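In what follows, a single structure is set out as structure tokens and then discussed.
Next comes the structure, spelled out in structure tokens:
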């Protein structure tokens, strides 16, 4: 019967009917809620868009206000810088500057840098909280004025702190290495146009910002704006969104470089702090004489040395920070210049240190130890094939100039055609425009060329055959002592610190803040159709909404404002309303649930009644199945079908039982019919077993008072097990089952041996006659010797023949005599290898043939050993515990005649016992129904003993149930009294009972069952039905009474 194709969990009709009602209601509600969610989400998006549009307008207006105010005020002050006829006093200058700062609270500071290197700056402490914090001002301070004067060798900076009414609260005078004419704002300033710098690091506050500057006759006027003020303007709160929910905002230029952001760039990777070095007094004295060192900081050489919105960043910057921690040296970074300009500033002495320079012979000064190293790589357009080695390059290769990378390459690859490029940004443009086919730099630097594209625009490949580049810092020759200290610090950088540096800067998954983090965002900024609207991008598998708008400003340097909002923020207001609607819907549905349940009652009640009837069928209580009263036509028809099915199953089951019983009897009869000497054994054992079981059930006292078969199924199970107890004998060879003598194989070999005695008899007669013919002895002596020989042969043959029967125990003396008789010889005149079957010839040992040959009267020959055709592997799952003989059979004549008891050798005995092993396998393989599940067990334990010496499992008393013990006694008693066994005579009842008694005393069988067997008269009832009257004799049962047994 095929199983149903429908699988999985099943549900009741009541649940189904009620569930369908609720499902229809739920689908309707879900549709309504979905519409509410959709339109709510649309409204939320429009609401967020409205907020962001207003916020972008505010930010744009704010930046434009800063731009316009700074530009107009700088223009107004141009006259101040250009004045030749009048020198303003410090108070006049201060008043002019503070008035402008009053009117423009967004300005951080206003200053005047003169061409003679004098510098005057007024700082507005209220412009940003970070300004007051960085400059260490008191809460009552309002202004800070900085004066820097003096020649190059003796520059002095005076910092004065003033209250609102210009009361001086503090004044600090210290050395300075600040020169206004060397700053980017001074160098870039023009007389006709206001110059706006890229973000850079402010010298005095060490914070980033931008400067608006204009040049005059005497110097340059500059206004500073800190970017932290812009960052605060674009926080999520300022944008009208929820803070801390992943809202990201950026202001960036047309290159994707971030100018301002609300993201905290504190890297997740923390560099372990360094302990101060133990310096000599000389080295400490050198450090004490240095106020600070001016250090180069490139604009875009990521990830090693670059400026992010003017803030120095990168691997090399962190290495210098570790050096500062160890030595106490103070580094002031100078940025806002390209690499060529920085190299020139170092050459002319405007910089104390230039770093991240490849080891070369062209850079002036003293070289430090290696700061770090990088792997060379080549970049090219995606369509271009990159060679695997620089030696293979035959086309011009671009190199960013200024830091002597071209010199390093020229020394090692003189055949390279090197083209100097001003910057990495220029390098990328020239690759994409096809002006340069290849650019060489470090692998991690070139990898950043693909930061702002969804699909890589540039192919970057490591040059594995090129040696790593070693990068160093350089100082002028007079600073060798400082370089020596720095080398000590570099050597003291620990392995853990290096690993942290690598993880922070060389792990490509870290966002370093240089460019906008999402290529899709940058792409949207370049697509005007996506401006001032909300679009969707996927980041790490999550949807985010993007808003991009172009900020007002010049067409030359475009700037963009963008906000990335997680979807959860957009729908944050939709979900509560949705949850309220869902809760109300669920509440209504819960109220309707009892009503839905009542709808199902007319169907569920009769179906449950039918289920009760089906359980009766399952329990095979067919006579108790009833019709179920119902008005539903289909259920009524189902009830009729179940009733008819019960009747049909009952009839079918009866037929199957009869069929199975007949089949079992057929098998048992076939086993009995196989051997005429065991005919009826399989028929008689069930009869005897049932007689003893009946006696046990009827016993009302003692051990058996609680024993009874629970039902007819258990009684039938026992009966079937008794019928099948010897089913394994179907595999046992007949000549083993029927072996009646020791020498019997497929026939009784005693006749072979008798023929040998006949030969010896005739030999004796021939010898007697020969001696008379030769007249070697007289006739009377010859005849006397002949009679003696004949008598000896007759007696020895009788002994051998009696030994062959196996009726008596063979002691050592009898075995010894068999071997003495076996030692006699006779002459064989014919070749005994003739007339053999191919199999016999194959297993027979090859030996020289000599005829005539002298043979022993009895022998154990190699060909008597019959080996096993296959290994005897016993499956552990059956629990067999038997000793397996080495050979399958041993037909040796002396070996067989020496059997101490019975007619079976160890090999024969195992072959007989093997029927139990076969029986277990056969029965365990049959799919007995649950009510017959113990048939294999009952049928396979009738050769076990209570003391654990039986077979095939060597079970003990605690392992054997009462039905099993009953079958043991039934099998033994039937075997003892059977008259159809060739190897023994049928025993009288009294003798069989005595043997059973001895076996009970030996703990072979159950003593209580034996006593019940005798007292109940079950043995006599069996004997009268199956035994010859001559076997039925008197049994004294008094000696088997419990008192006697005890």
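Residue numbers (our numbering): 4 to 1049. Idealized CB from N, CA, C, for every residue including glycine. Predicted, not measured: the structure shown is a model, and the values here were computed from it.
Query: Cβ pair residue 259, residue 532 closer than 9 angstroms; Result: no
Query: Status (buried if at least 16 other CB within 10 Å, exposed otherwise) for residue 685; Result: buried
Query: Beta-carbon spacing of residue 484, residue 286 below 9 angstroms; Result: yes
Query: Own chain partners of residue 1029 with C-beta closer than 7 angstroms, once the 5 adjacent residues on each side are dropped; Result: 687
Query: Backbone secondary structure at residue 213 - three-state DSSP; Result: strand
Query: Element boundaries [alpha helix (DSSP H), containing residue 546]; Result: Not the alpha helix (DSSP H): residue 546 falls in the beta strand (DSSP E), residues 545–553.
Query: Residue 316, enclosing beta strand (DSSP E) - first and last residue; Result: 314–316
Query: Backbone secondary structure at residue 804 - three-state DSSP; Result: helix
Query: Own chain partners of residue 468 with C-beta closer than 6 angstroms, once the 5 adjacent residues on each side are dropped; Result: 392
Query: Where residue 780 falls: helix, strand or coil (DSSP); Result: coil
Query: Any 3 or more C-beta pairs closer than 8 angstroms across the stretch 787–800 and the stretch 766–777; Result: yes
Query: Nearest-angstrom Cα separation, counted from residue 1020 out to residue 1032; Result: 16 angstroms
Query: Residue 563 to residue 263 span [Cα, whole Å]; Result: 10 angstroms
Query: Three-way DSSP call (helix, strand, coil) for residue 303 in this model; Result: strand
Query: Whole-Å CB distance - residue 188 paired with residue 181, under 8 angstroms assumed; Result: Actually they are not in contact, since the Cβ atoms of residue 188 and residue 181 sit about 13 angstroms apart, beyond 8 angstroms.
Query: Neighbour-count burial assignment, residue 252, 16 or more Cβ in a 10 Å radius; Result: buried
Query: Beta-ladder partner(s) of residue 188, from DSSP; Result: According to DSSP, residue 188 bridges with nothing at all.
Query: Spatial distance of residue 668 from residue 726 (CA atoms); Result: 7 angstroms
Query: Neighbour-count burial assignment, residue 3, 16 or more Cβ in a 10 Å radius; Result: Outside the modelled stretch of the chain, which goes from 4 to 1049, sits residue 3, for which no answer is possible.
Query: Other residues of its chain near residue 465: CB distance less than 8 angstroms, five sequence neighbours each side excluded; Result: 378, 379, 380, 446
Query: First and last residue of the uninterrupted beta strand (DSSP E) at residue 502; Result: First-last for residue 502: 498–504, but that is the alpha helix (DSSP H), not the beta strand (DSSP E).
Query: Buried/exposed call for residue 147, threshold 16 Cβ in 10 Å; Result: buried
Query: Residue 263 - partner residues in DSSP beta bridges; Result: 254
Query: Three CB pairs or more closer than 8 angstroms across the stretch 820–837 and the stretch 903–914; Result: no
Query: Assumed close pair residue 1008, residue 699 - CB separation to whole angstroms, cut-off 8 angstroms; Result: No, residue 1008 and residue 699 are not in contact; Cβ-Cβ is about 14 angstroms, not under 8 angstroms.
Query: Integer-rounded CB distance, given that residue 955 should sit under 8 angstroms from residue 996; Result: That belief does not hold up - the Cβ atoms of residue 996 and residue 955 are roughly 27 angstroms apart, past 8 angstroms.
Query: Element boundaries [beta strand (DSSP E), containing residue 1003]; Result: No beta strand (DSSP E) holds residue 1003; the alpha helix (DSSP H) holding it covers 992–1004.
Query: Exposure label - residue 2; buried when at least 16 CB within 10 Å; Result: Residue 2 lies beyond the range of the chain shown here (4 to 1049); nothing can be said about it.
Query: Terminal residues of the alpha helix (DSSP H) in which residue 359 lies; Result: Per DSSP, residue 359 belongs to no alpha helix (DSSP H); it is in the beta strand (DSSP E), 357–361.
Query: Residues bridged to residue 340 (per DSSP); Result: BP columns for residue 340 are empty, so no partner.
Query: Other residues of its chain near residue 649: CB distance less than 6 angstroms, five sequence neighbours each side excluded; Result: 620, 625, 628
Query: Closer than 8 angstroms: residue 999 CB and nearest the ligand FMN heavy atom; Result: The ligand FMN is not part of this structure, which contains no ligands at all.
Query: Same chain only: Cβ atoms within 6 angstroms of residue 724, ignoring 5 sequence neighbours per side; Result: 938, 941, 942
Query: Spatial distance of residue 131 from residue 583 (CA atoms); Result: 44 angstroms
Query: Three-state secondary structure (DSSP) of residue 569; Result: strand
Query: Under the three-state DSSP convention, the category residue 101 falls into; Result: helix
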